[in-house]
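Protein sequences appear in the order of chains C and A. Position in the first sequence (first residue = 1) + 367 = the numbering used here. Position in the second sequence (first residue = 1) + 367 = the numbering used here. Here a beta-carbon is modelled for each residue, glycine too, at the ideal position from N, C-alpha and C.
2 protein chains.
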Amino acid sequence: MHSVRFTAQSSSAGVLERDFLLGEVPGVLWSPDLAPGTAPLVLMGHGGGLHKKTPALAARARDAVTSWGYHVVAIDAPGHGDRPRSAADDRARADMREAMTAGDHERFKSVSIAYTTSLAERAVPEWQATLDALQRLPEIGAGAPIGYGGGISMGTAIGIPLTAVEPRIAAAIFGAGFFVHEDLLAAARQITVPIQYLVPWDDELVTRESAVELFDAFATEEKTLHANPGDHRRIRWIGLDNEFLPRHLGRAPAPSGADQA
Amino acid sequence: MHSVRFTAQSSSAGVLERDFLLGEVPGVLWSPDLAPGTAPLVLMGHGGGLHKKTPALAARARDAVTSWGYHVVAIDAPGHGDRPRSAADDRARADMREAMTAGDHERFKSVSIAYTTSLAERAVPEWQATLDALQRLPEIGAGAPIGYGGGISMGTAIGIPLTAVEPRIAAAIFGAGFFVHEDLLAAARQITVPIQYLVPWDDELVTRESAVELFDAFATEEKTLHANPGDHRRIRWIGLDNEFLPRHLGRAPAPSGADQA
């Protein structure tokens, strides 16, 4: 059983940012600088080809820390960010590029599904080990509520199978923007926690119908589909319910001295 | 040109509630009890068969007054609430009941569309006269931002043609739950203000496809579709962006002494 090993630390605007390694998996933990006690923990998954400190993800993480006093963790997905890529991963990515260039949508879709499924199979136990290790930190502990902060695309393709098998996750933000397949639908049918589900309404690769099919599959009744015009690469998320996470996870007392401006 | 004639007034929990008549149209205006100046105005349309003080509508109105310092107005639609019904309205309602009992969905739909279209033709000029009259009140004035607070079903079937022709409306909350037809789509294509659009995802009478077609028709890019499971009669609206109206209309200073608890 690995423990979190912190490798770097910095602080700005009330947010403590600590890089860590858990075994070979690099991660980052954003926390309130002056945490008064334990606080909820949010897991954030990054998109395909991106990494744990992608600017949009880091901005949302910092916002969750300063607004609600949360801890937020992100880890590099297998073959992403600071992690080496396997030969199979390299081959899958080359195949996807080739299929895209050739305009072969069916092949692109089948390779993308196989690659994402393989990533999720590896990422789910890594997330679970990360949760185990973080719950041993005194500022998080075993009792703090845990949410999945999601993001669209690959972050959700990993987050759905994770949430399906992980009873510690009490609420999840998911999003469309990737190919839906039967294994993912089966995982969604096991999920009963509240879901906020974001759909880029004009995705270039993924149909609305498949995004809706996934929404319908979640077993929870407390789920909201939220669609904005645009493709998932350039969508502007407006009109979201920004209180989704604090409504379900509660909020920590604001760290005194933290500047939210 | 009619003026608003106030006929009754009461006050509780910081909210002043004034019944009025504008010509023969009965309405109600909820306002901050201790209004410090002019404030935004929100129009709320009630659902089919209901009236201007339907509990859910009144609760949302009071919430907008105490949360944001708004004025909120509702009027009885033609043949609704305290208003007499024409022989044609009675016939349409009887036809709808008959078609429903007979399980004749196509007939129910065509009568419903004709009836709702007729109501909207009468209600739009009534709403415009109401706006004219309220803008002559000193606590509202000609400069205050105006929004349509909508509600699903008939409130939107009237609100869409109103917003299409009424440049004073700066943002609108609409909802599905009624039959979409070509005139309504044409009106939606003229609307360019920000839209929050609520869809009961499992409506018993109205298809998702028609609800989505209407969403796609709004000409504005700043629009959000928001779906929750359930039929429009018993849906629970969770996970909404409750800041939609204040983001677009601003907010008045909270009335001092108002108790928001």
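Asked, Found
"is_contact[Glu576 of chain C, chain A] using C-beta, thresh 8 Å", "no"
"Per-residue DSSP class, three states only, for Ala517 of chain A", "Ala is not the amino acid found at residue 517 of chain A; the sequence shown has Gly there. Gly517 of chain A: strand per DSSP, three-state reduction."
"Contact set between the region 584-600 of chain C and chain A, restricted to residues whose Cβ is under 7 Å from the partner", "Glu588, Glu589, Lys590, Thr591, Leu592, His593, Ala594, Asn595 and Pro596"
"Three-state class that DSSP yields for Thr374 of chain A in the structure shown", "strand"
"Residues, ordered as in the chain, of the region 605-616 of chain A that lie near chain C by beta-carbon distance below 9 Å", "Ile605, Gly606, Leu607, Asp608, Asn609, Glu610, Phe611 and Arg614"
"Cβ separation of Gly542 of chain A and Leu565 of chain A, assumed to be a contact under 8 Å, to the nearest whole Å", "4 Å"
"DSSP-derived helix/strand/coil call for Val392 of chain A", "strand"
"Exposure of Gln376 of chain A, with buried meaning 16 or more beta-carbon neighbours within 10 Å", "exposed"
"Contacting residues, own chain, Cβ-Cβ under 8 Å from Ser479 of chain A (five flanking each side not counted)", "Met463, Phe545 and Phe546"
"Closest residue to Leu424 of chain A among A:Pro451, A:Asp400 and A:Ile442 (Cα-Cα distance)", "A:Ile442"
"Partners in chain C for Gln563 of chain A, counting only beta-carbon separations shorter than 7 Å", "Gly606"
"Proximity to Ser577 of chain A [Cα-Cα], best of A:Gly415, A:Glu549 and A:His447", "A:Glu549"
"Proximal residues to Arg458 of chain A (C-beta, below 7 Å), its chain only, five neighbours per side dropped", "none"
"Whole-angstrom C-beta distance between Asp456 of chain A and Gly446 of chain A, which should lie under 8 Å", "4 Å"
"Cβ shell of Gln502 of chain A (< 7 Å), same chain only, five flanking positions each side left out", "Gly508 and Ala509"
"Pick from A:Thr433, A:Leu551 and A:Thr374 that is closest to Leu401 of chain A, judged by C-alpha positions", "A:Thr433"
"Assigned exposure category for Asp449 of chain A - 16 Cβ within 10 Å defines buried", "exposed"
"Which listed residue (A:Asp583, A:Ser485, A:Arg575 and A:Gln557) has its alpha carbon closest to that of Asp569 of chain C", "A:Asp583"
"Residue ranges of each beta strand (DSSP E) within the region 546-606 of chain C, 3 or longer", "562-567 and 590-595"
"Buried or exposed (CB count within 10 angstroms, at least 16 for buried), Glu361 of chain A", "Look at the range of chain A in this structure, 368 to 628, and you will see that residue 361 of chain A is not part of it."
"Where the beta strand (DSSP E) through Met411 of chain A begins and ends", "Leu408 to Met411"
"Residue span of the alpha helix (DSSP H) that contains Ala455 of chain C, given as start and end", "Ala454 to Ala469"
"Contacts around Gly526 of chain C, its chain only, beta-carbon distance under 7 Å, and the 5 residues preceding and following it disregarded", "Gly412, Tyr515, Gly517, Ala539 and Phe541"
"Cutoff 8 Å: Trp435 of chain A Cβ touching any chain C Cβ", "no"
"Start-to-end residues for the alpha helix (DSSP H) that takes in Ala425 of chain A", "Pro422 to Trp435"
"Leu417 of chain C to Ala426 of chain C span [Cα, whole Å]", "15 Å"
"Best match in A:Pro534, A:Arg385, A:Ala481 and A:Leu607 for proximity to Gln563 of chain A [C-alpha to C-alpha]", "A:Leu607"
"Residue of C:Ser453, C:Gly436, C:Tyr437 and C:His438 minimising C-alpha distance to Ala444 of chain C", "C:Ser453"
"Ala633 of chain A, enclosing alpha helix (DSSP H) - first and last residue", "This structure does not reach residue 633 of chain A, given that chain A is present from 368 up to 628, and the question cannot be answered."
"From C:Gly415, C:Pro422, C:Val409 and C:Val440, residue whose alpha carbon lies closest to that of Pro393 of chain C", "C:Val440"
"8 Å Cβ cutoff met for Val491 of chain C and Val532 of chain C", "yes"
"8 Å CB neighbourhood of Ser370 of chain C in its chain, flanking five on each side removed", "Leu389, Ala500 and Arg503"
"Beta-carbon spacing of Ser520 of chain C, His599 of chain C below 8 Å", "yes"
"Sequence-distant residues of its chain with Cβ nearer than 8 Å to Gly580 of chain C (five each side left out)", "Before going further, note that residue 580 of chain C is Glu rather than Gly in the sequence given. Cβ neighbours of Glu580 of chain C beyond the five flanking positions: Val547 and Leu552."
"C-beta contact flag for Thr591 of chain C and Asn595 of chain A at 8 Å", "yes"
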